[in-house]
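Residue numbers (our numbering): 139 to 554. Glycine is no exception: its CB is placed at the ideal position from the N, C-alpha and C atoms. Notes follow the structure.
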């Protein structure tokens, strides 16, 4: 049967060459759209590795020097003490489950710091730096590779580092554990060494990127002192609220804590919901993704109409041929199977060069948006593309062919 189909396709080559070129170009374009949608959606719904539900970020403000309540010349150690007191009072609030202080480390704030990390002769560049108090991990529910939050907390309490899995993988080869090993932030013999205390699970930057390299260290009194005067608004006080208390929290917390957090020249300045910040932070990306999907949907409809229409008119043009086959003894099902098989064979002949071209594009790293191009991604793109085109072709053949097989033989012979 395959040989017969090849002969039929060859005999109709003047018509089929145009169909073959159309299938090749549409197959390549459709595969790209399928690949983009698959990667984008999978990347968006991939777990972030942390939880921002029921979390809030707060900042302290500094009284103006012209304020009658302003206190001059508060020593740095006293200012640092006020910050510790503010954190303790937040932690002891009955609505709060956990609280922490951090610097450019809370999720979805758009601010970042990065650092190069060295181990022996190996280097990893541009690693996000999270400077936090230990309970930061409880607020956002980071977990170690062993599934423990406390393991991360204890590492910072010992003034050790917490690193991400990809930092461990790049600095410690042959699946060697980083825990207990030493790294530095300078490439010199006199560089200060820092002990790795724990490795977390993968912590993604957001829903739209694959950036997950980070390390965390404890924010100490020296660091707090540096921000305790004119830069106090940079410090992030993050809290996790008990689920049953997460209603009108901002209003209720202000009522309870405004006076308690009036320490020295500090006052409670702002409270923001981190999930709300996430929506604002990712709004442009989400809008862009939605626009791209609407465009892809529009193009899919056009591809559907184009491919279905091509095979519809192609089959309609051959109604007489189908009728003749029925007239000389071919069964209706047999005739339909023959034309279905011919359409799928044409698709197969067109998809083979598309497979080769797409593999080449992947090898050249042209398709490395979000993810590395791998065999699994290639296979999913191929299968979905082939099935979509096959469904369009079969639908385009079915309706006119189904009508043609019911044409009386005498009419079919006269038309042919």
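Within the model, the alpha-carbon separation for residue 326 versus residue 294 is close to 25 Å.
Residue 302 and residue 434 have their C-alpha atoms spaced approximately 35 Å apart. In terms of CA proximity to residue 253, 353 leads the group 353, 501 and 377.
Under a 10 Å Cβ-count criterion, residue 540 is classified as exposed, with fewer than 16 other Cβ atoms of the shown protein chains found around its own Cβ. The beta-carbon separation of residue 407 and residue 371, rounded to 7 Å, stays under the 8 Å limit for a contact. Only exposed fits residue 475, as fewer than 16 other CB atoms lie within 10 angstroms of its CB. Boundaries for residue 176: no beta strand (DSSP E) harbours it, while the alpha helix (DSSP H) harbouring it runs 151–183, taken from the DSSP string.
Contact check for residue 446 and residue 530: beta-carbon distance about 5 Å, within the 8 Å limit, so the pair qualifies. With respect to the 8 Å criterion, residue 176 and residue 534 are not classified as neighbours on the basis of their beta carbons.
Excluding its 5 nearest sequence neighbours in each direction, residue 537 has C-beta neighbours in its own chain below 7 Å: 450, listed in chain order. Three or more pairs of CB atoms, one per stretch, sit closer than 8 Å, so the segment 363–383 contacts the segment 219–236.
Judged by beta-carbon spacing, residue 291 lies within the 8 Å limit of residue 275, meaning their Cβ atoms are closer than that value.
In the DSSP assignment, residue 291 forms no beta bridge with any residue.
Cα atoms of residue 410 and residue 436: separation of roughly 38 Å, rounded to the nearest angstrom.
For residue 339, no beta strand (DSSP E) run applies, since DSSP gives it neither H nor E. Judged by DSSP in its simplified three-state form, residue 331 adopts strand. A check of alpha carbon separations from residue 154 across 517, 448, 512 and 524 identifies 448 as the nearest. For the 8 Å CB-CB criterion, residue 244 and residue 195 form a contact. Annotated as proximal: residue 412 and residue 193, with beta-carbon spacing under 8 Å. In the DSSP assignment, residue 264 falls outside any alpha helix (DSSP H) and within the unbroken beta strand (DSSP E) covering 260–270. 488 is the residue among 488, 501 and 511 whose C-alpha sits nearest the C-alpha of residue 523. Taking 8 Å as the cut-off, the Cβ atoms of residue 333 and residue 382 do not count as close. For residue 355, the three-state secondary structure derived from DSSP is strand. Judged by DSSP in its simplified three-state form, residue 425 adopts helix. Across the structure, residue 156 and residue 486 are spaced so that their CA atoms are roughly 15 Å apart.
DSSP, read as helix, strand or coil, puts residue 432 in helix. Residue 493 carries a helical assignment under DSSP once its states are collapsed to helix, strand and coil.
Boundaries of the alpha helix (DSSP H) around residue 224: 214–230. The beta carbon of residue 359 sits closer than 7 Å to the beta carbons of 218 from its chain, once the five residues preceding and following it are set aside; these are given in chain order. Annotated three-state conformation of residue 371 is helix, per DSSP. At a Cβ-Cβ threshold of 8 Å, residue 340 and residue 316 do not count as neighbours. Note on geometry: alpha-carbon atoms of residue 216 and residue 324 lie some 33 Å from one another. Taking 8 Å as the cut-off, the beta carbon of residue 266 is found no closer than this to the beta carbon of residue 204. The criterion of a C-beta distance shorter than 8 Å is not satisfied by residue 223 and residue 357. Boundaries cannot be given for residue 323, as no beta strand (DSSP E) includes it and DSSP labels it neither H nor E.
Cβ contact annotation for residue 405 (same chain, cutoff 6 Å, sequence separation greater than five): 199, in chain order.
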